[in-house]
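Those protein sequence lines, which keep their order, are chains A and B.
UniProt numbering puts the first residue of the first sequence at 1, with every later residue one more than the last.
UniProt numbering puts the first residue of the second sequence at 1, with every later residue one more than the last.
Using N, Cα and C, we set each Cβ at its ideal position, and we do this for glycine too.
Have a look at the structure below before the remarks.
Number of protein chains: 2
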Amino acid sequence: MTPNVLAAKEALSHLDLDDKPASVKAKSRDFFWYSPVLKSRLDHLVGDFVVSPRNEAEVIEVLKVCFEHDVPVTTRGSGTGNYGQAMPLAGGCVLHMRHMNKVKEIHPGRAIVEPGCILRDMDAEIIRASGQEIRMFSSTYATATVGGFIAGGSGGVGSVRWGQLRDLGNILRLRVVTMEAEPRVLEFTGEELHRVSHAYGTNGIITEIELPLAPAYEWTDVLVGFDDFMDGAQWAEALGNEDGILTKLITPVEAPIPHDYFLRIKDRIRPDQSVVIVMVAPHAMDAFMTFTRRHKGAEIIYRSDKVTAEEKKAFGVAYEYAWNHTTLRGLRVDPTITYLQVRYEDLAQVQAIRDRFGAEVPQHLEGIRMNGRMRFAGLPVVRFTTEERLEEIVRIHEDMGCMIFNPHRYTLEEGGRQSADERQLAFKREADPKGLLNPGKMITWDAPDFTYSEVYRYAGMRPAG
Amino acid sequence: MTPNVLAAKEALSHLDLDDKPASVKAKSRDFFWYSPVLKSRLDHLVGDFVVSPRNEAEVIEVLKVCFEHDVPVTTRGSGTGNYGQAMPLAGGCVLHMRHMNKVKEIHPGRAIVEPGCILRDMDAEIIRASGQEIRMFSSTYATATVGGFIAGGSGGVGSVRWGQLRDLGNILRLRVVTMEAEPRVLEFTGEELHRVSHAYGTNGIITEIELPLAPAYEWTDVLVGFDDFMDGAQWAEALGNEDGILTKLITPVEAPIPHDYFLRIKDRIRPDQSVVIVMVAPHAMDAFMTFTRRHKGAEIIYRSDKVTAEEKKAFGVAYEYAWNHTTLRGLRVDPTITYLQVRYEDLAQVQAIRDRFGAEVPQHLEGIRMNGRMRFAGLPVVRFTTEERLEEIVRIHEDMGCMIFNPHRYTLEEGGRQSADERQLAFKREADPKGLLNPGKMITWDAPDFTYSEVYRYAGMRPAG
Ligand SMILES: Cc1cc2nc3c(=O)[nH]c(=O)nc-3n(C[C@H](O)[C@H](O)[C@H](O)COP(=O)(O)OP(=O)(O)OC[C@H]3O[C@@H](n4cnc5c(N)ncnc54)[C@H](O)[C@@H]3O)c2cc1C
Ligand SMILES: Cc1cc2nc3c(=O)[nH]c(=O)nc-3n(C[C@H](O)[C@H](O)[C@H](O)COP(=O)(O)OP(=O)(O)OC[C@H]3O[C@@H](n4cnc5c(N)ncnc54)[C@H](O)[C@@H]3O)c2cc1C
Chain A
1 MTPNVLAAKE ALSHLDLDDK PASVKAKSRD FFWYSPVLKS RLDHLVGDFV VSPRNEAEVI
61 EVLKVCFEHD VPVTTRGSGT GNYGQAMPLA GGCVLHMRHM NKVKEIHPGR AIVEPGCILR
121 DMDAEIIRAS GQEIRMFSST YATATVGGFI AGGSGGVGSV RWGQLRDLGN ILRLRVVTME
181 AEPRVLEFTG EELHRVSHAY GTNGIITEIE LPLAPAYEWT DVLVGFDDFM DGAQWAEALG
241 NEDGILTKLI TPVEAPIPHD YFLRIKDRIR PDQSVVIVMV APHAMDAFMT FTRRHKGAEI
301 IYRSDKVTAE EKKAFGVAYE YAWNHTTLRG LRVDPTITYL QVRYEDLAQV QAIRDRFGAE
361 VPQHLEGIRM NGRMRFAGLP VVRFTTEERL EEIVRIHEDM GCMIFNPHRY TLEEGGRQSA
421 DERQLAFKRE ADPKGLLNPG KMITWDAPDF TYSEVYRYAG MRPAG
Chain B
1 MTPNVLAAKE ALSHLDLDDK PASVKAKSRD FFWYSPVLKS RLDHLVGDFV VSPRNEAEVI
61 EVLKVCFEHD VPVTTRGSGT GNYGQAMPLA GGCVLHMRHM NKVKEIHPGR AIVEPGCILR
121 DMDAEIIRAS GQEIRMFSST YATATVGGFI AGGSGGVGSV RWGQLRDLGN ILRLRVVTME
181 AEPRVLEFTG EELHRVSHAY GTNGIITEIE LPLAPAYEWT DVLVGFDDFM DGAQWAEALG
241 NEDGILTKLI TPVEAPIPHD YFLRIKDRIR PDQSVVIVMV APHAMDAFMT FTRRHKGAEI
301 IYRSDKVTAE EKKAFGVAYE YAWNHTTLRG LRVDPTITYL QVRYEDLAQV QAIRDRFGAE
361 VPQHLEGIRM NGRMRFAGLP VVRFTTEERL EEIVRIHEDM GCMIFNPHRY TLEEGGRQSA
421 DERQLAFKRE ADPKGLLNPG KMITWDAPDF TYSEVYRYAG MRPAG
């Protein structure tokens with residue numbers, strides 16, 4: 001099965017197709033370089049050409065032609081995925097969704113959108129039209145697409161209230177095109193949604209999305225300082241459990257990350273001060289401040305409703321200090337750091353991890369509602385030395401009972417639960433019989449007997465050089 | 001301190017004042033008769049006259065005049081309180097809030113209203129104007145006032161999402177008039193709110209209320225049947241823990257209550273079938289049905305989005321089967337029953353109570369969010385025999401570790417935590433130095449040394465006959 005790239009390009013030449021090496025290279029890269037491990041393995045990869053379809057009919061055409069000529073297709077939103085989700089491991093066609101960026105319908109509680117919408121632009125349009133906003137977004141709100149968020153992300157700002165994308169009710173409907181001789185268009189709701197959400201585009205291209213909405217507010221950004229990180233984390237947990245105080249983000253960050261990496265507000269934070277970053281609904285500010293004043297150690301460092309326009313501009317927005325933006329701010333100051341994604345059972349486990357690693361792994365937690373409870377995900381900074389030590393840190397976490405979603409792996413399974421997702425695999429059999437969609441990302445498709453005792457190496461990956 | 005009722009009436013005669021015995025009697029009664037214990041003690045009570053102020057200035061005038069003449073003032077919303085909250089134990093003036101029923105301002109996330117607004121009318125106006133609705137309401141939505149709900153209620157429909165009225169953030173601001181020689185007008189937020197909320201009007205009259213709002217939806221009413229009550233209760237708990245499925249009411253009711261008391265839908269319910277009553281946001285219905293189909297024993301008995309207009313009209317609204325309306329429907333079929341209000345730790349405790357009492361205490365639970373978790377309050381039906389047995393049932397509950405909010409008592413303390421509320425008491429000292437506001441309802445004001453070993457008997461209560 002040798003791809004006939006030339007024939008495919010020829011057949012698609014009437015579309016918005018780009019094969020200029022510089023731009024193809026730019027569109028073949030995502031935030032894989034976040035991970036020193038992925039950087040050393042994926043840096044050389046590049047697709048053969050980029051097609052940007054204008055509508056679903058053109059998506060179908062691209063998939064039909066590439067199917068005919070055995071050309072791999074890797075879909076691209078904005079390429080902000082940091083698990084190398086959008087890296088075209090075997091080259092071929094990069095399917096760029098940027099033109100499919102329309103908000104199609106807005107109703108009470110839900111909206112229907114195209115996958116190439118930039119989250120922030122789309123949300124602004126929905127807010128303007130209806131006073132509603134999307135329930136959750138990745139901290140890459142300003143640049144990422146909604147299709148990339150659903151196919152490659154997991155949750156983010158808003159998850160402290162609504163849980164994660166995979167929770168029932170957080171995606172309402174997906175419209176999907178398959179990669180077959182005659183591509184089919186399918187509509188998924190309920191149990192079927194899971195087939196293609198967070199599947200990295202390995203088994204279908206999402207062409208329309210129906211999402212639930214929440215009321216839009218002009219959220220107040222607040223930074224609360226604590227002398228002791230665990231004191232702040234406990235305060236954050238109690239805040240998340242205040243049923244009447246509406247928040248959208250609760251993010252405890254351990255010293256010295258805030259002082260060292262949050263350059264725009266550094267002079268207000270002591271080097272040994274930990275902070276909790278919060279987004280609070282404006283009408284909840286009185287209750288929030290009442291709650292906060294009850295806690296001795298809590299010091300208000302910043303609140304966006306009490307600063308000048310200039311100070312606000314200098315600070316920016318709270319969510320760009322949270323989730324993976326914490327890491328991003330760190331990388332700008334110290335490019336040698338990296339990070340992990342951890343699921344903690346409770347704060348006792350966080351404390352145990354802190355005792356074990358100390359300053360090598362400064363903590364960064366994200367409040368997430370899980371099965372009805374306020375829980376924490378961890379995105380700790382890791383002071384990177386060697387790949388071996390990084391692997392050891394991961395192993396120690398796992399030995400201590402923390403689940404790791406390893407951001408130093410490019411496959412669905414290794415970045416997830418290290419096991420086959422039968423529903424995604426079964427749908428890939430139906431929807432991508434030749435295995436041409438984002439090849440190399442689903443281990444159970446290529447190597448069903450893989451045991452996870454080592455890092456997976458996709459055999460079809462284009463060699464360097 | 002003998003009240004000079006005549007002088008007060010005279011001085012207030014230019015207001016909307018009514019002293020016709022029949023109407024004064026009608027306005028001196030609430031739902032105290034719900035309780036066989038209260039019925040036998042309070043049935044004879046009647047105030048001396050009713051004044052219905054048109055605005056805050058008239059409230060001030062009434063309080064000033066009654067203060068001068070030592071006349072007790074008991075405030076009345078709609079008189080739906082079933083703890084005898086609005087019963088004028090010592091006679092005097094009934095201050096009827098019905099004219100003060102304006103929605104004053106609506107903003108994103110909040111509204112400012114007068115206390116005499118009927119909850120449903122007020123909410124309809126807010127929904128029409130802004131697409132927002134109040135977070136929670138008592139099941140007496142159609143008849144009760146917002147002032148009575150805040151001064152005499154605790155929570156209800158919406159509490160499964162937002163917790164209860166006492167939780168920080170569920171009341172934003174209260175404006176209160178004191179009963180002094182020169183009544184003061186005070187504005188309370190934050191910690192101060194608790195002084196007068198759920199204080200039965202014993203220490204100030206609420207003249208303006210600022211409440212948080214949530215987005216308004218056309219909630220779908222659903223009845224789900226279960227062969228086994230505990231199976232239904234566990235399903236209900238899991239539903240409440242689905243972070244992405246937006247619900248407003250989750251109410252498990254044990255057989256044979258649904259078949260025997262829910263006459264409007266009786267023919268669809270088997271005698272031995274328990275039900276869970278749910279209100280689901282329309283855009284969450286697909287996720288809700290996905291969740292429900294996963295559970296073998298769950299049978300959809302009714303959903304308001306799939307019936308004819310006639311069937312819908314026949315059924316009515318789900319919330320009028322829940323909270324205290326469950327009891328009300330029972331009382332209509334069997335006037336000898338009564339009920340309790342219980343706080344359960346978990347479903348294991350519910351099971352233990354069921355094992356202990358069997359058919360004498362059929363269960364009715366209400367999902368409530370407490371400290372961030374889905375928990376259950378109980379409003380079980382009690383097959384009443386004697387007061388002694390009722391007291392024994394209460395005692396056994398307490399011995400088994402369940403807190404009882406005893407609806408067979410007319411004082412704040414006995415209907416609550418059986419202890420002084422220092423903040424309410426302290427504010428009464430300031431705001432009602434003569435103790436004229438709703439006298440007899442705050443034990444710690446009248447009898448600070450009371451030990452709760454027996455039923456409190458207010459010495460100032462007007463004798464019968
Ligand atoms: C600084 C930073 C912060 C981040 N914060 C978060 C966060 O808070 N939460 C979070 O979940 N992630 C986060 N991420 C990861 C990533 O940004 C998000 O997943 C983001 O929403 C991806 O959107 P994108 O448009 O850039 O997708 P891309 O990176 O372009 O694509 C992501 C995946 O989706 C597939 N895909 C894209 N569009 C489609 C489609 N229409 N149909 C099928 N498959 C498709 C791609 O093939 C790829 O596998 C962060 C990353 C960075 C670098
Ligand atoms: C069938 C039924 C169902 C019920 N369901 C619920 C429920 O779901 N949740 C719940 O919490 N309760 C419930 N209740 C109790 C009661 O209905 C509620 O508390 C209701 O909201 C009271 O409103 P109201 O206007 O009738 O108040 P009233 O009964 O008139 O007054 C209640 C108390 O508030 C005081 N008050 C009233 N207005 C003011 C004011 N402006 N300033 C100061 N004090 C004031 C009164 O003096 C009295 O002490 C129920 C009762 C019944 C009979």
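Under 7 angstroms (Cβ pairs) to chain A, residues found in the segment 155-167 of chain B: W162, G163, D167
Touching or not, the segment 364-382 of chain B and the segment 341-349 of chain B, by the rule of three or more beta carbon pairs under 8 angstroms? yes
Do A151 (chain A) and ligand 1 come close, with the Cβ less than 8 angstroms from some heavy atom? yes
Any 3 or more C-beta pairs closer than 8 angstroms across the segment 325-337 of chain A and the segment 244-264 of chain A: yes
Would you say the beta carbon of K102 (chain A) comes nearer than 8 angstroms to a heavy atom of ligand 3? As for ligand 3, it is missing from this structure, which binds only ligand 1 and ligand 2.
Tell me where the beta strand (DSSP E) around G225 (chain B) begins and ends. 220-226
Let me see if you follow: with CB-CB separation under 9 angstroms, is E391 (chain B) close to chain A or not? no
Sheet register partners of Y302 (chain A) (DSSP bridge): A:L223
N-terminal and C-terminal residue of the beta strand (DSSP E) that H96 (chain B) is part of: 93-96
With 16 other Cβ atoms within 10 Å as the buried cut-off, status of P463 (chain A): exposed
Kindly list, in the order they appear in chain B, the residues whose Cβ is closer than 7 angstroms to that of F291 (chain A). L168
Partners in chain A for G372 (chain B), counting only beta-carbon separations shorter than 7 angstroms: G240, N241, D243, R373, M374
Through-space distance from I118 (chain B) to S35 (chain A), alpha-carbon basis: 59 angstroms
Run through chain A and tell me which residues come within less than 8 angstroms of A233 (chain B), C-beta to C-beta. Ordered by position in chain A, no residue passes the 8 angstroms Cβ test against A233 (chain B), which lies about 15 angstroms from the chain.
Listed in chain order, which residues of the segment 172-198 of chain B have Cβ atoms closer than 8 angstroms to some Cβ of chain A? L172, R173, T189, G190, E191
Whose C-beta lies closer than 7 angstroms to the C-beta of A233 (chain A) among residues of the same chain, with five residues either side of it excluded? P252, L347, V350, L365
Can you name the residues that DSSP bridges to P362 (chain A)? For P362 (chain A), which the question treats as bridged, DSSP gives no partner whatsoever.
What runs of the beta strand (DSSP E), each 3 residues or longer, lie entirely inside the segment 326-403 of chain A? 337-339, 365-370, 373-378, 381-383
Out of B:L239, B:K312, B:L15, B:E182, which has the shortest C-alpha to C-alpha gap to Y302 (chain B)? B:K312
If you count every other CB in all the chains shown that lies within 10 Å of the CB of G297 (chain B), and 16 or more means buried, which is it? exposed
Could one say the Cβ of Q132 (chain A) lies closer than 9 angstroms to chain B's Cβ atoms, at least one of them? yes
Looking at chain A, is there any beta carbon in it that lies within less than 9 angstroms of the beta carbon of P252 (chain B)? no
Is A236 (chain A) close to chain E, meaning its C-beta is less than 9 angstroms from at least one C-beta of that chain? Reference to chain E is not applicable here, since the protein chains of this structure are A and B.
For L95 (chain A), count neighbouring Cβ atoms within 10 angstroms of its own Cβ and tell me buried if that reaches 16, exposed if not. buried
Would R369 (chain B) count as contacting chain A if we go by Cβ distances under 9 angstroms? yes
Decide if N48 (chain B) is buried, meaning its Cβ has at least 16 other Cβ atoms within 10 Å, or exposed. Per the sequence presented here, residue 48 (chain B) reads as Asp, with Asn not at that position. It is buried - the Cβ of D48 (chain B) has at least 16 other Cβ atoms within 10 Å.
First and last residue of the beta strand (DSSP E) that includes G411 (chain B)? It should be pointed out that residue 411 (chain B) corresponds to Thr in this sequence rather than to Gly. Taken as a continuous stretch (DSSP letters only), T411 (chain B) belongs to no beta strand (DSSP E), as it is neither H nor E.
Chain A contact residues for G440 (chain B), given Cβ-Cβ distances below 8 angstroms: Going along chain A, no residue has its Cβ under 8 angstroms from G440 (chain B), so there is no contact; the nearest lies around 31 angstroms.
Would you kindly report the start and end of the unbroken alpha helix (DSSP H) that includes E237 (chain A)? 229-240
Compute the beta-carbon to beta-carbon distance between V65 (chain A) and L12 (chain A), rounded to the nearest angstrom, for a pair I have assumed lies under 8 angstroms. 6 angstroms
Do you know whose CA, among A:M279, A:R120, A:Y200, lies nearest A142 (chain A)'s CA? A:R120
If you measure between the beta carbons of A318 (chain B) and I277 (chain B), is that distance less than 9 angstroms? yes
Cβ-based neighbour list, residue 466 (chain B), same chain, cut-off 7 angstroms, excluding 5 preceding and 5 following: Residue 466 (chain B) lies beyond the stretch modelled for chain B, which goes from 1 to 465, so this question has no answer here.
Throw me the rounded Cβ distance for the A324 (chain A) and N170 (chain A) pair, which I believe falls under 8 angstroms. Here residue 324 (chain A) is Asn; the residue named in the question, Ala, does not match the sequence. The Cβ separation is near 19 angstroms, so there is no contact.
Could you check whether the Cβ of A144 (chain B) sits closer than 8 angstroms to any heavy atom belonging to ligand 2? yes
So which residues of chain A does A57 (chain B) contact, with C-beta pairs closer than 9 angstroms? Simply none; closest approach about 27 angstroms.
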